[in-house]
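Enquirer: So in our numbering the end of the sequence shown lands on 267, straight run, no missing numbers.
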Amino acid sequence: MNAQFHPLDTLTLPFCEGRRDVPFGHIVRLEGEGNYTQIFFNDGTRLMVALTLKTLLSRLPQELFVRLHRKHLINRAYLLLTDRRRHEARMSNGDCLPVSRRKAGQFFRNEGVTPPQYPPRPDTAQC
Numbered sequence: 141m142n143a144q145f146h147p148l149d150t151l152t153l154p155f156c157e158g159r160r161d162v163p164f165g166h167i168v169r170l171e172g173e174g175n176y177t178q179i180f181f182n183d184g185t186r187l188m189v190a191l192t193l194k195t196l197l198s199r200l201p202q203e204l205f206v207r208l209h210r211k212h213l214i215n216r217a218y219l220l221l222t223d224r225r226r227h228e229a230r231m232s233n234g235d236c237l238p239v240s241r242r243k244a245g246q247f248f249r250n251e252g253v254t255p256p257q258y259p260p261r262p263d264t265a266q267c
């Protein structure tokens, strides 16, 4: 990433009591659900907003956020590892998300070398 973002760069989100300014760095990922989007934050909380994923993508810095799939948009800062073979991306909060075949080539190329995949430990859950 060439662009630098100030920790206080924010996205203004509408919700029932008004509007909330959320720093980009607090957003782990976004998941589209029709005309609504579920936003997942780094503290484990979620917020459902009445905006489409496409609308939110236009308000977020393209250098920091990337669309993996028609339903999933992630903050690259929270990307833990990728699995090219299974077309998946694992986030630092443990979420495992699909990468669409159409977006896979560009996504994996932009994210650089995929970390080695080790057999999972028996005490960890698979995606």
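The beta-carbon is built from N, C-alpha and C at its ideal position, and this holds for glycine as well.
(1) Tell me whether R102 is buried or exposed, calling it buried when 16 or more other Cβ atoms sit within 10 Å of its Cβ.
(2) Going by the CB atoms, is the gap between G172 and K211 shorter than 8 Å?
(3) Tell whether a beta-carbon distance below 8 Å holds between V162 and L170.
(4) First and last residue of the beta strand (DSSP E) that includes R199?
(5) Taking the C-alpha atoms as reference points, what is the distance between I214 and V168?
(6) Spatial neighbours of A190 within its chain, please: CB distance less than 8 Å, with the 5 preceding and 5 following residues excluded, ordered by chain position.
(7) Pull the bridge partners of V206 from the DSSP assignment, please.
(8) Looking at C-alpha atoms only, which residue of E228, N233 and D235 is the closest neighbour of A244?
(9) Could you tell me the alpha carbon to alpha carbon distance between F181 and D223, rounded to whole angstroms?
Expert: Well, looking at it:
(1) For the chain, the structure presents residues 141 to 267; residue 102 sits outside this window and is missing.
(2) Result yes, Cβ atoms of K211 and G172 sit closer than 8 Å.
(3) No, they are not a contact pair.
(4) In this chain, R199 is not harboured by any beta strand (DSSP E); it is covered by the alpha helix (DSSP H) spanning L193 to R199.
(5) Each residue's Cα considered, the two are about 6 Å apart.
(6) The beta carbon of A190 is closer than 8 Å to those of P154, N175 and Y176 in its chain, skipping five residues each way along the sequence.
(7) Per DSSP, I214.
(8) Taking the Cα of A244 as reference, the smallest distance to any Cα among E228, N233 and D235 is reached at E228.
(9) Taken atom to atom, the span from the alpha-carbon of F181 to that of D223 is near 23 Å.
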